[in-house]
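The opening position of the sequence shown corresponds to residue 1 in the UniProt record's numbering, with each subsequent residue numbered one higher. All C-beta atoms, glycine included, are put in the ideal place defined by N, C-alpha and C. Here is the structure we will look at, set down as structure tokens.
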Amino acid sequence: MADANDDDKPSVTVASKVSFAELCGLLEKISKTQGNDKKKRILTEFVDKWRDFHNSLHKDDKKDTTDSFYPAMRLLLPHHEKERVAYGIKEHMLAKLLIEVLCLGKDSADANRLLNYKAPKTARADAGDFAGVTYFVLKNRCPEKGTLTIQEVNDCLDGIAQNNAAKKKDLVRKNVLRLLTNMTAVELKWLIRMIVKELKVGLSQASVLSVYHPDAEDFFNVNNNLEKVCRMLRERSVRVHEIGISIFSPFSPMLGERASPDEVEKLMEGKTYFLETKFDGERMLLHKRDNEYKYFSRSANEYTATFGSNSFDGNFTQYIHDLFKPGIKSCILDGEMLGYHAETKTYATKAMNTDIKRQQQEGYQPCYNIFDIVVLNDKVLTNKPLRERLQLLETVIDPEEGRIQISKHTEANTNQECADALNKAIDGREEGIMVKNPDSVYRPNTRKGGWIKIKPEYVGGLMDELDVVVVGGYLGVGHRGGMMSHFLCAVAVPVDDGEKPEVFHSFCKVGSGYSKKELGEVNEKLKDHWKAFDKRNPPTSIILASGFKEKPDAWIEPSNSVIVQIKAAEIIDSDRFKTNCTLRFPRVECFRDDKAWHDCMTVTDILELKEKSGGKLAGGKVELAEGEEPVKKKRKIVSRVVRPTLGAQFMGADLTSVTQVSKMLEGKEFCVINGPSSFPKHAIETKIVEFGGKIVQNPGPSTFCVLADKVAVRVTNLIKRDMYDVVKVSWFQRCVDASRWLPWSPADMIHTSPKTQLDFQKQYDEFGDSYVDPTSPEQLKTVFSRISKVENGMTDALDIAEIEQAYFPDDSPYGMFRTCRFYMDDSLVIDDKSTKSKNSFLDFLALELRFFGGAIAEEIDPAVSHVMMDNSDLSRLEEIKEMRRQRRKKFHIVTRFWVRECMQEGTLVSERRFEPS
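Next up, the structure:
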């Protein structure tokens, strides 16, 4: 490093004396070194050298100086630099600037390499790495020595970020050109990696911070501020034994670990735990000292300007200042900021497109639900157990409905109590529940501190909403002409933690559920980013199904797009999308402005969800497995090594002593997966051998069929392969009882191979009734049950709905309610007895719903999707809600206003705002 000169000006810093080339040399050396420890030793030498230089430069003002390692740290960890949230510069813009500065021909080979850096033939080892391709192009064109210091580079990068935010494009370009014209090719390579926030040197954030100071990572987790970390921990010998939390200094709050209800007892070690509602709002930390307030989000973004800095300011502080009890001078509260509708006394949800962080939110006022306290009268409470902190919280404020409230909690002990609480939250349309250890201390920015979050999407079969990213658009016609009316959505290919996805697989097409206003808003937001789709030159970040079976009119780079939350009936197989599956009857629930583009679901998430729930996405009910309650076992002492073996239920039978008694199954090979308790797997295998058949534990090319009683995971996997007939054990039982071979019927099948399916089509009608063979009473019951499904109107309606969705997505509103089945509640309470009485208004509404494709049910049967009530008579509301709680498949409760809104918008809209209360 350079030696200090005689310049005694206070503005002199280490960063102004150290060249950027020296930092780039460090990164080059680290990237070429193998082994984490060796990499850290190289970085340690650089940090120690910096500290020595700092001490010599500031020997007279060590305590007062604000100079620190921060200028270098913000370049080493660019993805955590909050002052540079968005440079507004992507690889394509940098490529164009480089082409301009170097006077490259637009069609030259080097220009094409820069503009098409992701093309496989662009550069041998650097394909897809813009920084590597840039170095390949510039290595013979740049000066041999750079002239910029670390401070000058930081000044330029700050200027780019600030001017980009102010939309001063000329100043952005000026700063970029200064960097490009004063650096070597190696320096530019590392600068570009800093700008795109991907250094790729093989050192994690934890490693870099640990090299700087042993306490750096913990301290950063608390305050989320690199500058503060570097300034307060300048000397390695000065340890931070207690991480300080102070008023008006933002920090990352404590977080919850994901889990499902059946894991709670184990995670809580069988002890009593607290249950709370998980609010669907904005996590917010309220800091107070006397009449001064500040508000920080989970990401340390400040929203004081919205909520108010004192008792006369903002849309929130002025209403809660006088609610603090006497003697409360300072505090930090942790809670959730929600939108509260005073007239209906209901909370807004994110699905309703409300943003409580805005200054004005029509119809809703901020309401703060507090669930923890971190500081009270300048005393940090993080080391106190949760139960004590909650007791102190009761002494801080007088709650007021709709303004500020203390979250209520209940005590529980078992998994079943947790499951019941989650079911109640689902019925109440809550986001989920929180499970907390009463003895847990407050640990900022950690998920392993004794807090557990449980949401419906963490339990297989409960999730009915999916977050996907828009990657394509289809031009509309009619009243949607001139804009994208339908959208192609995708899910991300999984990447390592901390990395952003780069490749997305097409998943579904959606064109309903949003209002005209919402459609106009999202079109306005995305209009500058659409690109015409050319199947000869498709985008590399978006992968469609082979043959482009579902090709959009235009595509958009996912990083410029939005997350959309979708509801659907189920996930079904489809070769029109890269995921090989798609959604049946998808509709938009909301556009998620609160989520970043890279926070969409992944391909793995979709496939796991499809397998766990059998593809069904309708809201359900949590049910724990039988015998799930834990049983205390005596300690077992094993004096010898016991080698693990398969459970008896999974092992093949011992067939060495079995005597063949018949040739009924001769030449046929069977694979038995499981059987009922009255006819278990080993007994079935024994019978097969007695009747001349062969047994295998894994099916192969010569396997005749697979026998199973229950659809377990292994059966599901075999069904996916679509190679084998999976037959019910009950068929084999009948063969054994009759001592003769009985042909299969459709009712005997769990899954049918393509060949057998063709044979069945020749012998049986669509309901499974044989054209030639006599029908037994049991078979007749099965046939009638299949016919009744068609007679209730739903099967035909769904078939028609699929045709309408495929061929008439914009043209006709008459199939609007095709996927809905309504029950019209026209009961009137007379003399405390519920009596059916004709309600002419609901009768008229039923005719209207039928006209637009809806089906009407005489009772609340399992297929009902909506219960329609008249606002003038809500006497049965609580009874119907209780009925909904008991059902596995939930239904919506709505009034005529929901129908009117759907009619006005020309599509199904969210039911949440129209449920009577």
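> Going by alpha carbons, who is nearest to residue 713 out of 739, 611 and 691?
Replying inline: 611
> Going by DSSP, which residues form a beta bridge with residue 365?
Replying inline: 340
> Distance, Cα to Cα, residue 670 vs residue 689?
Replying inline: 10 Å
> What does DSSP give as the partner residues of residue 472 in its beta bridges?
Replying inline: 488 and 555
>> Helix, strand or coil, according to DSSP, for residue 447 in the structure here?
In response: coil
> Do residue 853 and residue 821 have their C-beta atoms within less than 7 Å of each other?
Replying inline: no
> Could you check where the alpha helix (DSSP H) with residue 52 kicks off and where it finishes?
Replying inline: First-last of the alpha helix (DSSP H) with residue 52: 36–57.
> To the nearest angstrom, how far is it from the Cα of residue 217 to the Cα of residue 891?
Replying inline: 48 Å
>> What does the Cβ neighbour count give for residue 758, buried or exposed, with the cut at 16 atoms within 10 Å?
In response: exposed
>> If I measure Cβ to Cβ from residue 857 and keep anything under 8 Å in the same chain, skipping five residues before and after, which residues do I get?
In response: 792, 821, 822, 823, 863 and 864
>> With DSSP as the reference, identify every bridge partner of residue 505, one or two as the case may be.
In response: 491 and 543
>> I'd like the list of long-range same chain contacts for residue 658, defined as Cβ closer than 7 Å, with 5 residues on each side in sequence excluded.
In response: 686, 689 and 690
> In whole angstroms, what is the alpha-carbon distance linking residue 85 and residue 17?
Replying inline: Model confidence at residue 85 stands at a pLDDT of 48, short of 50, so the residue's coordinates are unreliable and nothing is read from them.
> Taking only beta-carbon atoms, is residue 299 less than 7 Å away from chain C?
Replying inline: This model lacks chain C altogether, as it is built from one protein chain only.
> Considering only the beta carbon of each residue, do residue 421 and residue 404 sit closer than 7 Å?
Replying inline: no
> How big is the Cα-Cα spacing for residue 746 and residue 740?
Replying inline: Approximately 19 Å, taken between the alpha carbons.
> What runs of the alpha helix (DSSP H), each 4 residues or longer, lie entirely inside the region 121–195?
Replying inline: 130–138, 150–165, 169–180 and 185–195
> Roughly how many angstroms lie between the CA atoms of residue 888 and residue 466, to the nearest whole one?
Replying inline: Just so you know, the alpha carbons of residue 888 and residue 466 end up roughly 20 Å apart.
>> Quick check on DSSP: helix, strand or coil for residue 320?
In response: helix
>> So, for residue 894: in the same chain, excluding its five sequence neighbours on each side, which residues have a beta-carbon less than 7 Å away from its beta-carbon?
In response: 866, 868, 911, 914 and 915
>> With the cut-off set at 7 Å, would you say residue 487 and residue 510 are in Cβ contact?
In response: yes
>> What ranges does the beta strand (DSSP E) occupy inside the region 260–315, keeping only unbroken runs of at least 3 residues that lie completely in it?
In response: 273–278, 282–289 and 292–297
> Do residue 397 and residue 324 have their C-beta atoms within less than 7 Å of each other?
Replying inline: yes
> For residue 919, which three-state DSSP category applies?
Replying inline: It is not possible to answer for residue 919, since the shown part of the chain is limited to 1 through 917.
> Are residue 920 and residue 163 touching if we call contact CB-CB under 7 Å?
Replying inline: Here the chain comprises residues numbered 1 to 917, so residue 920 is not present and cannot be evaluated.
> Which stretch, first to last residue, makes up the alpha helix (DSSP H) that contains residue 106?
Replying inline: No alpha helix (DSSP H) holds residue 106; DSSP gives it neither H nor E.
>> Looking at residue 591: is its Cβ nearer than 7 Å to the Cβ of residue 491?
In response: no
> Does DSSP put residue 7 in a helix, a strand or coil?
Replying inline: Its pLDDT being 45, under 50, residue 7 is placed unreliably in this model, and the value from its coordinates should be taken loosely. Coil, per DSSP.
>> Give me, in chain order, the residues of the same chain whose beta-carbon lies closer than 6 Å to that of residue 115; leave out the 5 immediate sequence neighbours on both sides.
In response: 95
> So, are the CB atoms of residue 991 and residue 453 less than 7 Å apart?
Replying inline: For residue 991 there is no data in the structure shown, the boundaries of the chain being 1 and 917.
> Using DSSP with H/G/I as helix, E/B as strand and the rest coil, what is residue 915?
Replying inline: Residue 915 falls in the coil class under three-state DSSP.
> Along the chain, where does the alpha helix (DSSP H) that runs through residue 761 open and close?
Replying inline: 754–763
> Grouping DSSP H, G and I as helix and E and B as strand, with all else coil, what is residue 784?
Replying inline: helix
> What number of angstroms, rounded off, separates the C-alpha of residue 263 from the C-alpha of residue 415?
Replying inline: 7 Å
>> Report the CB separation of residue 513 from residue 849 in whole angstroms; it is logged as a contact under 8 Å.
In response: Contact doesn't hold; Cβ gap of about 18 Å is too wide.
> Which value, in whole angstroms, describes the spacing of the CA atoms of residue 225 and residue 207?
Replying inline: Within the model, the alpha-carbon separation for residue 225 versus residue 207 is close to 17 Å.
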